[in-house]
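**Student:** Below are the structure tokens for one structure; questions will follow.
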Amino acid sequence: MQQDFLIIGGGVVGMAVAYGLLRAGCRVTVLDGSDDSLRASRGNAGLTWVQGKGAGMPAYAELSFEASLAWPEFVAELEERTGLDLEYEHRGGVDLCFNQEEAEARQREYSAIQSTSPYLARQFRWQYLDRTSLASYLPGLGEGVHGGTWSPHDGHCNPLYLLRALFSANLGLGLDYRPGCEVHLLTPLMNGFRAATTHGTYEAERLILAAGLGSAALAPMLGLSGAVRPVRGQVLVTERLQKIAQLPTPQIRQTASGAYLIGDIQEEVGFDRGVTLPIMQQLADRAVRIFPFLAHARLVRSWGALRVMTPDGHPLYEASRQYPGAYGLSSHSGISLAAFHAGRLAESILQDSLSHEYAKFSGARFSRSALNP
Ligand SMILES: Cc1cc2nc3c(=O)[nH]c(=O)nc-3n(C[C@H](O)[C@H](O)[C@H](O)COP(=O)(O)OP(=O)(O)OC[C@H]3O[C@@H](n4cnc5c(N)ncnc54)[C@H](O)[C@@H]3O)c2cc1C
């Protein structure tokens with residue numbers, strides 16, 4: 005077979021892993037959907053976030069750390085290869101709380117995360133700061149904010165530039181990219197895999213399913229769980245305003261252009277990726293509560309996008325036992341984990357060690373016996 009890997013899905017997960025494999029000298033084809041596909045990678049908030057990740061799964065919290073440590077080198081290399089500025093900043097972040105109860109729950113949650121592993125007890129730095137103490141990190145913070153958890157590990161980037169840089173770097177490394185090739189059938193062969201698409205048939209020795217929400221339908225053909233469901237987010241964007249030195253928050257962040265990006269809503273509405281007035285109103289009200297100076301800012305854009313959510317919210321990295329050489333990758337933190345996906349995860353796929361290195365992330369945790377021991 006000519007190609008080493010077929011990757012189904014050209015979102016940030018598929019393209020980050022493709023980057024790692026191409027750098028290692030592999031021959032890779034990415035089969036991708038079209039412009040009307042569901043694409044979380046083009047509708048997200050761009051946070052490279054660590055704090056709070058991995059509650060209930062210490063291995064995921066550790067992975068988030070690993071990714072954040074790998075990000076600076078990952079960005080530097082991508083920027084050098086492509087000449088693009090990913091607008092990456094790694095100066096820490098703040099997750100806001102609006103009342104005492106929320107503040108106490110947050111502190112309990114983070115203490116619990118720290119207590120789950122010696123690594124996290126050592127590495128995970130955070131502090132609850134009241135509104136006054138947050139003023140230097142978030143100038144102009146409103147009185148309706150109680151405080152927030154500050155952590156030095158968080159950052160943000162322009163997620164569209166990240167995706168563009170991955171495309172540009174991958175094409176430069178010889179990627180065979182096939183847009184508009186919707187895969188409808190995957191067939192394991194004696195010595196590889198075949199994908200039947202709307203525009204022809206493709207084969208390779210190994211196959212990686214990274215089709216976001218599209219993975220759910222294709223995964224069973226490879227003996228993978230593909231346990232993902234859509235969870236909608238809505239995002240508002242303001243006009244460009246004067247740049248202020250401030251840290252990002254999941255609720256709102258100022259982008260490099262000066263616009264404020266407002267979000268952090270999770271809705272179970274199936275595959276509807278529209279926007280609704282009540283949620284936009286709620287987001288706008290909260291933004292003004294956080295930064296009262298935004299009361300007169302004009303909103304210039306809004307969109308809805310669907311998260312690729314696993315049942316427990318943690319990443320899904322699976323290697324097929326039934327069809328060795330087939331892998332499934334899904335993550336609800338594809339931006340935060342991009343450096344890890346391009347690095348150690350791609351390596352573990354290359355060495356076919358994913359099933360034991362990342363056993364805790366496999367779909368087995370969602371099987372009936374795992375859920376009802
Ligand atoms: C509102 C919102 C905010 C978010 N904020 C953040 C954040 O701040 N930080 C963070 O880390 N993460 C964030 N995320 C999550 C992040 O966007 C996702 O984890 C990431 O984009 C998932 O990438 P993906 O490649 O798995 O999926 P997608 O981007 O959905 O890509 C899947 C690709 O597969 C293709 N495809 C699907 N089916 C087929 C098929 N049958 N054949 C061929 N191709 C197919 C599609 O065309 C698509 O290109 C956010 C998500 C949302 C929705």
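Following the numbering used here, the numbering of the sequence shown begins with 5 at its first residue and continues without gaps.
Backbone N, C-alpha and C define an ideal beta-carbon position, used for all residues, glycine too.
If we ignore side chains and look at the alpha-carbon of each, how far apart do L240 and G267 end up?
**Tutor:** So the alpha carbons of these two residues sit roughly 7 Å apart.
**Student:** Please list the segments of the beta strand (DSSP E) lying wholly inside the segment 189-240, counting only runs of 3 or more residues, in order along the chain.
**Tutor:** Listed in chain order, the complete beta strand (DSSP E) runs (minimum 3 residues) inside the segment 189-240 are 196-201, 204-208 and 210-213.
**Student:** Give me the Cα-Cα distance between L211 and V16, rounded to the nearest whole angstrom.
**Tutor:** Cα to Cα, L211 sits roughly 17 Å from V16.
**Student:** Taking the beta strand (DSSP E) that L265 falls in, what are its first and last residues?
**Tutor:** Taken as a continuous stretch (DSSP letters only), the beta strand (DSSP E) holding L265 covers A263 to I266.
**Student:** Report buried or exposed for V304, applying the criterion of at least 16 other Cβ atoms within 10 angstroms of its Cβ.
**Tutor:** Answer is exposed; the Cβ neighbour count stays below 16.
**Student:** Between I353, R325 and D316, which lies nearest to L333 when the distance is taken from Cα to Cα?
**Tutor:** When each option's Cα is compared against that of L333, the closest is I353.
**Student:** At a threshold of 7 Å, does N48 count as lining ligand 1 (C-beta to nearest heavy atom)?
**Tutor:** The answer is yes for N48.
**Student:** Please state the DSSP three-state secondary structure of A343.
**Tutor:** The answer is helix: DSSP assigns A343 an H, G or I state.
**Student:** According to DSSP, is I353 part of a helix, a strand, or is it coil?
**Tutor:** Helix at I353.
**Student:** Could you tell me which whole alpha helix (DSSP H) segments of length 4 or greater appear in the segment 253-302?
**Tutor:** Segments of the alpha helix (DSSP H) lying fully in the segment 253-302: 281-294.
**Student:** What is the DSSP secondary structure of E322, counted as helix, strand or coil?
**Tutor:** Strand.
**Student:** Does the segment 194-201 come close enough to the segment 42-51 that 3 or more CB-CB pairs lie under 8 Å?
**Tutor:** Because the criterion of three Cβ pairs below 8 Å is not met, the segment 42-51 and the segment 194-201 do not touch.
**Student:** In this structure, how does DSSP classify T86 when only helix, strand and coil are distinguished?
**Tutor:** Residue state, collapsed to three classes: helix.
**Student:** Tell me whether A28, by its Cβ, gets closer than 7 Å to a heavy atom of ligand 1.
**Tutor:** Result no, Cβ not under 7 Å from ligand 1.
**Student:** Give me the Cα-Cα distance between S371 and F297, rounded to the nearest whole angstrom.
**Tutor:** Each residue's alpha carbon lies about 49 Å from the other.
**Student:** Taking DSSP as the reference, what is the three-state secondary structure of S119?
**Tutor:** If DSSP states are grouped into helix, strand and coil, S119 belongs with the helices.
**Student:** Under the three-state reduction of DSSP, which class applies to V16: helix, strand or coil?
**Tutor:** In this structure, V16 counts as helix in the three-state DSSP scheme.
**Student:** At which residues does the alpha helix (DSSP H) containing G176 begin and terminate?
**Tutor:** That run of the alpha helix (DSSP H) goes P163 to G176.
**Student:** Please look up how many angstroms separate the CB atoms of P319 and Y123, rounded, as I've assumed it's under 8 Å.
**Tutor:** Actually they are not in contact, since the Cβ atoms of P319 and Y123 sit about 18 Å apart, beyond 8 Å.
**Student:** Could you give the distance in angstroms between the alpha-carbon of H345 and the alpha-carbon of A107?
**Tutor:** Answer to the nearest angstrom: the Cα atoms are 32 Å apart.
**Student:** Can you tell me where the beta strand (DSSP E) holding R182 begins and where it ends?
**Tutor:** Unbroken beta strand (DSSP E) run through R182: D180 to R182.
**Student:** G278 to G308, Cα distance in whole Å?
**Tutor:** Their backbone Cα atoms lie some 5 Å apart in a straight line.
**Student:** Please name the residue or residues paired with W53 in a DSSP beta bridge.
**Tutor:** Answer by DSSP bridge pairing: none, since W53 is not bridged.
**Student:** As a quick exercise: from T202, E322 and G338, pick the residue whose alpha carbon is nearest that of S357.
**Tutor:** Here the closest residue by C-alpha is E322.
**Student:** Using only alpha-carbon positions, find the residue among G367, H360 and A28 that is nearest to N174.
**Tutor:** For N174, the nearest C-alpha among the options comes from A28.
**Student:** Count the other CB atoms within 10 Å of the CB of T136; is the residue buried (16 or more) or exposed (fewer)?
**Tutor:** Exposed, since its Cβ has fewer than 16 Cβ neighbours within 10 Å.
**Student:** The beta strand (DSSP E) spanning L100 covers which residue range?
**Tutor:** Unbroken beta strand (DSSP E) run through L100: G97 to C101.
**Student:** Please name the residue or residues paired with I11 in a DSSP beta bridge.
**Tutor:** Looking at the DSSP assignment, I11 forms a beta bridge with V34 and I212.
**Student:** Between H336 and ligand 1, is there a pair consisting of the residue's CB and a ligand heavy atom that are separated by less than 7 Å?
**Tutor:** Checking the Cβ of H336 against ligand 1 gives yes.
**Student:** What residue does the beta strand (DSSP E) around L333 start on, and which one ends it?
**Tutor:** Counting along the chain, the beta strand (DSSP E) containing L333 begins and ends at A330 to S334.
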